[in-house]
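Chemist:
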Amino acid sequence: MKLSIVIPVRNERDTVIPLIERVRAVDCGMTKELIVVDGASTDGTREALLALPPSDDLVLVLEDAARGKGRAVRTGFERAAGDIVMVQDADLELDPGEIPSLLAPIVEGRTDVVFGSRFRGRGRGATPWVGYAGNFGLTWAANVLFLTRLTDILTCYKVLRTDTARTLDLRCNGFDLDAEITCRLLRDGHRIVEVPVTYNPRSVDEGKKLSPSVGWSVLRAIVRTRFSRRSSRTTVSSLTRATSAEPAASPTSGRDD
Ligand SMILES: Nc1nc2c(ncn2[C@@H]2O[C@H](COP(=O)(O)OP(=O)(O)OP(=O)(O)O)[C@@H](O)[C@H]2O)c(=O)[nH]1
Ligand SMILES: [Mg+2]
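Using numbering that gives the first Met the number 0, read the sequence shown as starting at 0 and increasing by one per residue.
Rendered as structure tokens:
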């Protein structure tokens, strides 16, 4: 089996190379490929990535504009050659050492989808109140609308079979993609297994790009997915359409439909 690890990155000069080293050091019992999608970084991140020695385990995708984390993740899903695909932010808020425990339920055949929950069984921890309350409220909304009991729909740690990812017909470009992935999985009847993970949140001063205003686009994505009909179009077709002449989209809420 092979694991594709999608790493969206924009202006993460201090953390992206250590993060790549830590991901490479993880023994997850299968071959890994790292798909790093750089959103036109201007702080030296891109130069640092280009200075890495060429390697079979590394795919570099260089975007010509910051199109949003969601757009970068969708590009990574599209490029994935592994049987399983996951997202790993480039900022070291989550520990790549926990990847094997995230993979276990899929490898053991118990599910197709695992989320690393920052809050299951752990409460708020070091997460600031605003972020915790926002995530709690948005997760609650998804739970009510989809009759489930998740604890962290916005976690970056989403691990799923690549063929499942390709059925989701994802459109969001910003941080709302996290909600869209979750809700489309729930809508399509997939069982999401949550595994607790350790979270070391960083502040805006330390480079965090997500802001409270993102909450509205996330809520819109939840409601829209709940009341939309299943589309027969595939992710591949929507991505192909988007790639042809896409203008730089809003990093927080742009969509391709
Ligand atoms: N390619 C690309 N990556 C981005 C863009 N915006 C953010 N990212 C990356 O997406 C990842 C997540 O961004 P953060 O600002 O840490 O937000 P977050 O970790 O999702 O926020 P929390 O869920 O609250 O932890 C980081 O690795 C960013 O560098 C973008 O426009 N393009
Ligand atoms: Mg982060």
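C-beta: ideal position from N, C-alpha, C; glycine also.
1. Suppose you measure from the CA of Val222 to the CA of Asp168; what does that come to, to the nearest Å?
2. At a cut of 8 Å, does the region 176-186 reach the region 98-109 through at least three beta carbon pairs?
3. Following a CB-centred definition, is Asp204 positioned closer than 7 Å to any heavy atom of ligand 3?
4. What are the partner residues of Val15, as DSSP defines its beta bridges?
5. Specify which residues have a beta carbon nearer than 5 Å to any heavy atom of ligand 2, listing them in chain order.
6. Take Phe226 as the anchor and find which of Glu205, Glu179, Arg78 has the nearest alpha-carbon.
7. Could you spell out the range, first to last residue, of the beta strand (DSSP E) harbouring Arg160?
8. Taking the alpha carbon of Pro195 as the point to measure from, which residue in Arg165, Lys157, Ala64 has its own alpha carbon closest?
9. Starting from Thr30 and walking both ways along the alpha helix (DSSP H), at which residues does that stretch end?
10. Short check: CB of Gly173 to CB of Gly43, under 8 Å?
11. Does the beta carbon of Lys1 fall short of 7 Å from some heavy atom of ligand 1?
Modeler: Let's see:
1. Whole-angstrom Cα-Cα distance: 16 Å.
2. In short, these stretches do not touch, since the Cβ pair count stays below three.
3. For ligand 3, the structure offers nothing, since it holds only ligand 1 and ligand 2.
4. Checking the DSSP bridge columns, you'll see Val15 has no partner listed.
5. Going along the chain, the residues that qualify are Asp88, Asp90, Glu92.
6. The shortest C-alpha separation from Phe226 is found at Glu179.
7. First-last of the beta strand (DSSP E) with Arg160: 157-160.
8. Among Arg165, Lys157, Ala64, the Cα nearest to that of Pro195 is on Lys157.
9. That residue, Thr30, is in no alpha helix (DSSP H); its beta strand (DSSP E) goes 30-38.
10. It is not a contact, given that the beta carbons lie outside the stated cut-off.
11. For ligand 1, not one heavy atom lies less than 7 Å from the Cβ of Lys1.
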